[in-house]
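Okay, so here's the structure we're looking at.
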Amino acid sequence: MEAAFAVRYLPEGDDWSAEGIELILASGGSTMLWNGTDWTLRIADGGWPALPDWAWPPEAWVFEPIEDLGRPGLDDILEVSPVHNEVGELYGAVLGFRDGTLTVGSGDSMSWELVRTD
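Each residue of the sequence shown is one higher than the last, beginning at 4 in my numbering.
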């Protein structure tokens, strides 16, 4: 993985909401993780550098870099573990790297936490 970007909605004011995360792959493609309308996690091939179809109107959305992802030790995804909610729906995922883990979750907006282990 070369980089990761949050797909953020720019409503009126300063409160930005992340609705997706696009992982830019070294192979040239990308993978999109985003909130479903039922707050479950959706995963599909991305269309980098184009915004996803659900990001409408396009002028209300922006890509924002997620710091550190794509740097050495946080570039090769070694393991992916699904996270399910209490009724068994896919709610999130834990991506394991050599030097840390990225936990993503869906809901009212996307959340993520990068924990470095180096």
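Here a beta-carbon is modelled for each residue, glycine too, at the ideal position from N, C-alpha and C. Given the structure is predicted, the values throughout are model-derived calculations rather than measurements.
Of the choices the options, whose alpha-carbon is the least far from that of residue i?
i     : options                       : result
Trp59 : Thr106, Ser114, Pro14, Val118 : Pro14
Ala21 : Gly49, Leu28, Ala9            : Ala9
Ala63 : Met4, Trp115, Trp19, Ala6     : Trp19
Ala53 : Ile27, Gly73, Trp42           : Ile27
Asp41 : Asn88, Val107, Gly31          : Asn88
Which residues in the same chain have their Cβ closer than 7 Å to the Cβ of residue i, if we skip the five residues on either side of it in sequence?
i      : result
Asp102 : Gly76, Leu77, Arg119, Thr120, Asp121
Leu81  : Gly99, Phe100, Arg101
So residue i and residue j are supposed to be a Cβ contact under 8 Å. How far apart are they, rounded?
i     : j     : result
Trp51 : Ser33 : 4 Å
So, are the CB atoms of residue i and residue j less than 7 Å apart?
i      : j      : result
Leu105 : Leu117 : yes
Met35  : Pro55  : yes
Ser109 : Leu44  : yes
Glu25  : Gly49  : yes
Ile5   : Gly95  : The residue asked about is misnamed: residue 5 is Glu in this sequence, not Ile. Not a contact, by the Cβ cut-off of 7 Å.
Ile69  : Ala29  : no
Based on the DSSP output, what are the partners of residue i in its beta bridges?
i      : result
Arg45  : Trp37
Val10  : Gly23, Phe66
Glu116 : Thr106
Pro85  : Ala96
Using a Cβ-Cβ cutoff of less than 6 Å, which residues in the same chain neighbour residue i once the five nearest sequence positions on both sides are dropped?
i      : result
Ser84  : Val97
Arg130 : Beyond the ends of the chain as shown, which are 4 and 121, falls residue 130; an answer cannot be given.
Ser114 : Gly108
Once you ignore the five residues that flank residue i on each side, which residues in its own chain have a CB closer than 8 Å to its CB?
i     : result
Gly39 : Arg45, Ser109
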